[in-house]
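Which chain is which? The protein sequence lines are A and B, in order.
So for the first sequence, the working numbering puts the first residue at 229; every next one is plus one.
So for the second sequence, the working numbering puts the first residue at 229; every next one is plus one.
What follows is a short report on a single structure.
There are 2 protein chains.
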Amino acid sequence: MANQLGFAALADDTRRTIFERVARRPSSVGKLAEGLDVTRPAVSQHLKVLLRAGLVAQRREGSRCIYQVDPRGVAAMRDYLDRFWDRALAAFKLAAEQEDT
Amino acid sequence: MANQLGFAALADDTRRTIFERVARRPSSVGKLAEGLDVTRPAVSQHLKVLLRAGLVAQRREGSRCIYQVDPRGVAAMRDYLDRFWDRALAAFKLAAEQEDT
DNA sequence: CCCACTGGTAAGCCGATACTTACGGTAAGC
DNA sequence: GCTTACCGTAAGTATCGGCTTACCAGTGGG
């Protein structure tokens, strides 16, 4: 589920920066938009994408909306890559021995 | 290095399918294009993207070009996600306790 | 009640990109 | 040497995606 959306979500530079900033500390939309070179609506759209990918979660706090990382989405992507890890390593080692170079 | 390129490479459905098929078994370009609904040049272009992302490696075998997974690229992406894992988990648990629901 | 703050959405623009067909170039078989 | 198989690249097209400005809704304080 988080594969297609997850990888697409982290493919964009600005969006990945937002994700990293959210990971450092749960923040509101306005706070996140402050240091970036894009407008606040753009940040809001990026957060929507991250939300659909399951990488972040939101909670209301008064009139502000606080975003934080959702570890489940991160875990899903990590697990996906893990499925290829051992297989990839074995294939690569085998080829390296054959090829030598 | 493999962050931007890596996530972008796996963001596309067709390209991720190619990647998974390469992971199952090192294959030539023609073999990879057989089961897909895109033409062979498209597969070649996708492999180029995966190559630049460091997710696959190529080796010549006669007139054929065999592609296989490069575990280093996979590891780079895995490590990137790992950096957020503990932090994400802690933040999420804390919020869950505060929020309760 | 009115106004400021916060944030999500709509419409439109523009660059990025995924796909196609057409072509060139190298390796194997007759 | 000529044909066939395999692969990468070029050019062109169409769709997708990120950004902006403008607008609307909900919250809180005077």
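Glycine included, each C-beta is placed from N, C-alpha and C at the ideal position.
Nearest to residue i (by Cα), restricted to the options the options
i: Asp240(A); options: Arg243(B), Leu233(B), Thr242(B), Ile246(B); result: Leu233(B)
i: Gly301(B); options: Val250(B), Arg288(B), Leu278(B), Pro254(B); result: Leu278(B)
i: Glu289(A); options: Asp314(A), Phe235(A), Pro254(A), Phe247(A); result: Pro254(A)
i: Ser272(B); options: Ser291(B), Ile246(B), Ala281(B); result: Ile246(B)
i: Leu238(B); options: Val266(B), His274(B), Gly258(B); result: His274(B)
i: Arg292(A); options: Thr242(A), Ser256(A), Lys321(A); result: Ser256(A)
i: Arg249(B); options: Val297(B), Arg268(B), Thr267(B); result: Val297(B)
i: Ala316(B); options: Ala281(A), Ala303(A), Ala318(A), Gly258(A); result: Ala303(A)
i: Arg216(B); options: Thr267(B), Gly258(B), Leu283(B); result: The first residue shown for chain B is 229 and the last is 329, placing residue 216(B) beyond what the model contains.
i: Trp313(B); options: Ala285(A), Gly258(A), Pro299(A); result: Pro299(A)
i: Ile294(A); options: Thr267(A), Ala251(A), Arg311(A), Val266(A); result: Ala251(A)
i: Ala236(A); options: Gly258(A), Val266(A), Ala281(A); result: Ala281(A)
i: Val266(B); options: Arg311(B), Ala318(B), Ala285(B), Thr242(B); result: Thr242(B)
Endpoints, the alpha helix (DSSP H) within which residue i is located
i: Val266(A); result: Unbroken run through Val266(A): none, as it is neither H nor E.
i: Arg252(A); result: 241 to 252
Enclosing beta strand (DSSP E) for residue i [first to last residue]
i: Ala285(B); result: 284 to 289
Inset, instruction - Count the C-beta pairs between the region 261 to 269 of chain A and the region 295 to 309 of chain A that are closer than 8 Å, then say yes if the count reaches three, no if not. - result: no
Legend entry - Contact list for the region 263 to 284 of chain A against chain B, Cβ threshold 8 Å: none
Legend entry - Interface residues of the region 289 to 303 of chain A facing chain B [CB-CB below 7 Å]: Of all residues in the region 289 to 303 of chain A, Gln296, Val297, Asp298, Pro299, Val302 have a Cβ within less than 7 Å of some Cβ in chain B.
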